[in-house]
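Chemist: First the structure, which I've put down as structure tokens, then a few questions once you've had a look.
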Amino acid sequence: MNWQRGLTVGGVIAAVLGSAAWVLSQRAAKPQYVDPTDVVSDAFDHWEQPAPWPNGLEVQDPVSCMLTAFTQHAKAVSVYHSTSAPTVLPAGWVSKTWQGGWILGAALEEWELEPGAMAAHWQPRSVGRTVQVLLGDGTVESSFERQGRAGKAAKLITQIGEKPPPSEPVLPQSWAAWYERVAAAPGIDAAAVGAYPTTAAEVPDSLAWLVESSWLTCTVDGVRLRAYVGRDSAAAAQRLGSWENGVWYIPAKETEPAWSQVPRYRSEASEAPARFDFARVSNGESRTGQALADGRLVWSVETQSVGAGAAASPVALAPTETTARVPTGILGYARNHRSGERMELVRQENRVVAQEKGREVWAIDIESDAAPAVWEVDLYRNGKYQVAIGAGKLFHVIDVLGREVKGFPKRWSTGFSAFAVFDYDKNRQFRFLLAAPNGEVFNFRKEGERTPGWKFKAESGRHIVSLSHLRIGPRDYIFAGQDDGSVRILSRAGEDRYRSPVRVPVGQRLAFRLGKDLASSTVLYVDNEGWVQERTIGSGEPVGMSRMTRGVSVLVEDRTGDGIPEVVVTTATGEEVWDAGNQRLVN
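Numbering follows our numbering, in which position 201 of the sequence shown is assigned residue number 183; successive positions increment by one, without gaps.
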């Protein structure tokens, strides 16, 4: 019988080896995915992601497809990269597979791979459009754009490649005020001002040693006019310029009639720093900018009709999420896998409405005093999306047809005190945490069943009013604020994991800056007097942003696209952006 056993063992081994060979062959047959933004040449000087969808293009999976456009402006040529296979192409286009994706367009022969400055600085961001441009002077502008308040197109641009600034660049208020008068004057085609020389200052090489601080340029009837703070009036005069009231003019004011259309410079007794380091306006676009120590310029940009009286002003960007305390307006967004469109989730009086381009897709009723919060989820992990909605006494999970998912809604007769949706490992294994005024915190998954292993125990006389997930290294923490201002730090299983003395306000969304461990991480909020406060979780001591500015809310997110989150403070008039060193970047 040994020979039979040998045949059996040999057959098993052969089957295993055959299966392994088949798996390896399949892996070899499927090309490894390469992100084109890692390798495309600087010949393509304009990148956009996600790209505006071309008319006539259809793909297999329009919901999850990421379309990126690479454009050579000099040749007016674009090549698109798609993560989903094209099924219908615009007239004159061709496509071919490329490194796990597809490239499309009318001139694929222009596709060139030699990574340079564009690839080195590309850092796309979610929930908006990233556009990066290689300028003629060699600097790179990386912009992030989303819809701002009042329907204005607002964006934040990071310009990379300028020389580092002086130790403390200062644009005097007198020069900022002069620029604003120039920008608003009739007949001015474009204007710019700066705290120190950059490529935009247009200082001739032979004169660069004379210019060390503020400058202003403008264009009148096609004539470029320049003014600088110089160090040597005699040298200025020798170079066909003129000197007046501490300003060096090129060309000389006596020889160039266009200067007569430019408002005069007025010095001020107090030369306090202006609220920006740089500003410029041209072609209907107004910018104000701040200089970073490494030479990057962070611009706040507004596109508008600029005419008489329209001085440059900073832009308040719309926050990533709308706070749940706002009674009306956009609460968030969710994808509609049936149409391939993105739905706005809007509160309209006593309803939460999902709409596409103004058309109602579905709606649910909520209580008049409820403050709804919304999340997009993919409960079945199949690319078909649902919306979770926490509002008052009910927690819903709604499908694209407006129907409740099996197992929902969840109800608490006196109203839930906090809602949260967590995806700990970013693998769409969602957990729905619902806190109640009796002190309980319920944890549900999938179609509303209780999550196994949840061990939360209520504290007598207290209940949870806010829930946040923190991932620090390999560890997960649930930061649970209580109704008396104290906090509990929980594990995934709901057990107390860390004791913190920090106290936080009730009824406010909290923000966090994560450190090397939980103790050094911080929580940010706005106190009862309107001051931003930042406290360490380990000791509760004030640090960082504490009492540096006032506002109505605070969040932490990457606004400059460098991978390092900024602190964004919403004020009554707009937003303030502060960097990791607690220096204000954008008004």
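Ideal Cβ placement from N, Cα and C applies to all residues, glycine included. These numbers come from a predicted model, not from an experiment.
1. State the DSSP-derived secondary structure class of V164, mapped to helix, strand or coil.
2. State the start and end residues of the unbroken alpha helix (DSSP H) segment that holds A102.
3. When DSSP builds the beta bridges, which residues end up paired with V469?
4. Restricting to Cα atoms, I'd like to know which of V335, M530, R320 and V343 is closest to I312.
5. If F26 sits next to T53, beta carbons under 8 Å apart, how far is it from one beta carbon to the other, in whole angstroms?
6. For A58, which of E92, R427, P36 and D43 has the nearest alpha-carbon?
7. Looking at the structure shown, is D203 part of a helix, part of a strand, or coil, going by DSSP?
8. Evaluate P68 with the Cβ neighbour count: other Cβ atoms within 10 Å of its Cβ, from every protein chain shown; 16 or more gives buried, anything less gives exposed.
9. Taking the beta strand (DSSP E) that P68 belongs to, which residues open and close that run?
10. Nearest-angstrom Cα distance between V175 and V22?
11. Could you check what DSSP says for P524 in three-state terms: helix, strand or coil?
12. Which residues in the same chain have their Cβ closer than 6 Å to the Cβ of T370, if we skip the five residues on either side of it in sequence?
13. Whole angstroms is fine: what's the gap from L279's alpha carbon to Q105's?
14. What residues match up with Q330 in a beta bridge as DSSP calls it?
15. Using a 10 Å radius around the Cβ and a threshold of 16 neighbouring Cβ atoms, would you call I546 buried or exposed?
16. Verify whether the separation of the beta carbon atoms of V575 and M527 is less than 8 Å.
17. Short of 7 Å in beta carbon distance, which residues of its chain neighbour D347, apart from the five on each side in sequence? Order them along the chain.
18. Which of the three DSSP states is assigned to F260 in this structure?
19. Give the DSSP-derived three-state secondary structure of W93 in the structure shown.
20. Which residues bound the beta strand (DSSP E) around W513?
21. So which of H445, Q330, R532 and G543 has the shortest CA-CA distance to E349?
22. When DSSP labels each residue in this structure, what does S124 get in the three-state scheme?
23. Work out the CA separation of E238 and A562 for me, nearest whole Å.
24. Over what stretch of residues does the beta strand (DSSP E) that includes G277 continue unbroken?
25. Taking V447 as the reference, give the member of P487, Q337 and F390 with the closest Cα.
26. So what's T140 in DSSP terms, helix, strand or just coil?
27. With a CB to CB cut of under 8 Å and the five nearest residues on each side skipped, what residues in its chain are close to S249?
28. Between which residues of its own chain and D478 is the CB-CB distance below 8 Å, once the five residues before and five after are set aside?
29. For T573, which of A440, I142, R246 and S503 has the nearest alpha-carbon?
30. Rounded to the nearest angstrom, how far is the Cβ of K392 from that of L416, given a contact under 8 Å?
31. In this structure, what does DSSP give as the bridge partners for E422?
32. Assign E516 to one of two classes, buried (16 or more other C-beta atoms within 10 Å of its C-beta) or exposed (fewer than that).
33. For A400, count neighbouring C-beta atoms within 10 Å of its own C-beta (all shown protein chains included) and say buried if the count is 16 or more, exposed if not.
34. Given this structure, state the Cα-to-Cα distance separating W35 from Y178, to the nearest angstrom.
35. Which whole-angstrom value is the C-beta distance of G520 and S502, which I expect to be below 8 Å?
36. I'd like the list of long-range same chain contacts for G384, defined as Cβ closer than 6 Å, with 5 residues on each side in sequence excluded.
Modeler: Reading from the atomic positions:
1. Helix.
2. Note, A102: alpha helix (DSSP H), A99 to H103.
3. DSSP lists G463 as the bridge partner or partners of V469.
4. Just measuring C-alpha positions, the residue of V335, M530, R320 and V343 sitting nearest I312 is V335.
5. The Cβ separation is near 6 Å, so the contact holds.
6. When each option's Cα is compared against that of A58, the closest is E92.
7. Look at D203 here: in three-state DSSP terms it is coil, with no helix or strand label.
8. Here P68 is buried. Its C-beta has 16 or more other C-beta atoms within 10 Å.
9. Counting along the chain, the beta strand (DSSP E) containing P68 begins and ends at P68 to V70.
10. Their backbone Cα atoms lie some 34 Å apart in a straight line.
11. Collapsing the DSSP output to three states places P524 in a strand.
12. Correcting the residue identity first, residue 370 is Ala in this sequence and not Thr. W357, V359, V379 and V403, listed in sequence order.
13. Their Cα atoms are separated by approximately 16 Å.
14. Residue pairing by DSSP places Q330 opposite R333 in a beta bridge.
15. Counting C-beta atoms within 10 angstroms of its own C-beta, I546 has fewer than 16 neighbours from the protein chains shown and is therefore classed as exposed.
16. This structure leaves residue 575 out entirely; the chain is present only between -17 and 569.
17. Excluding positions up to five away in sequence, the list reads N332 and R333.
18. Note: F260 maps to strand in three-state DSSP.
19. Look at W93 here: in three-state DSSP terms it is coil, with no helix or strand label.
20. Per DSSP, W513 belongs to no beta strand (DSSP E) and is neither H nor E.
21. The candidate whose alpha carbon is nearest that of E349 is Q330.
22. In the structure shown, S124 sits in a strand (DSSP, three-state: E or B).
23. Note on geometry: alpha-carbon atoms of A562 and E238 lie some 47 Å from one another.
24. Going by DSSP, G277 is part of no beta strand (DSSP E) at all; its letter is neither H nor E.
25. With distances taken between Cα atoms, V447 lies closest to P487.
26. In this structure, T140 counts as strand in the three-state DSSP scheme.
27. So the list reads S156, N227 and G228, once near-sequence residues are dropped.
28. If we look at D478 and ignore the five residues flanking it on each side, its Cβ neighbours are R470, I471 and L472.
29. In the structure displayed, the chain extends from -17 to 569; residue 573 sits before or after that span and is not available.
30. With a contact defined as Cβ atoms closer than 8 Å, K392 and L416 qualify at about 6 Å.
31. Answer is none; E422 lacks a bridge partner.
32. With 16 or more other Cβ atoms within 10 Å, it is buried.
33. With 16 or more neighbouring CB atoms inside 10 Å of its own CB, A400 falls in the buried class.
34. If I take the Cα positions, the gap works out to 41 Å.
35. About 6 Å separates the beta carbon of G520 from that of S502, a gap short enough to meet the 8 Å contact definition.
36. Answer for G384: W344, listed in chain order.
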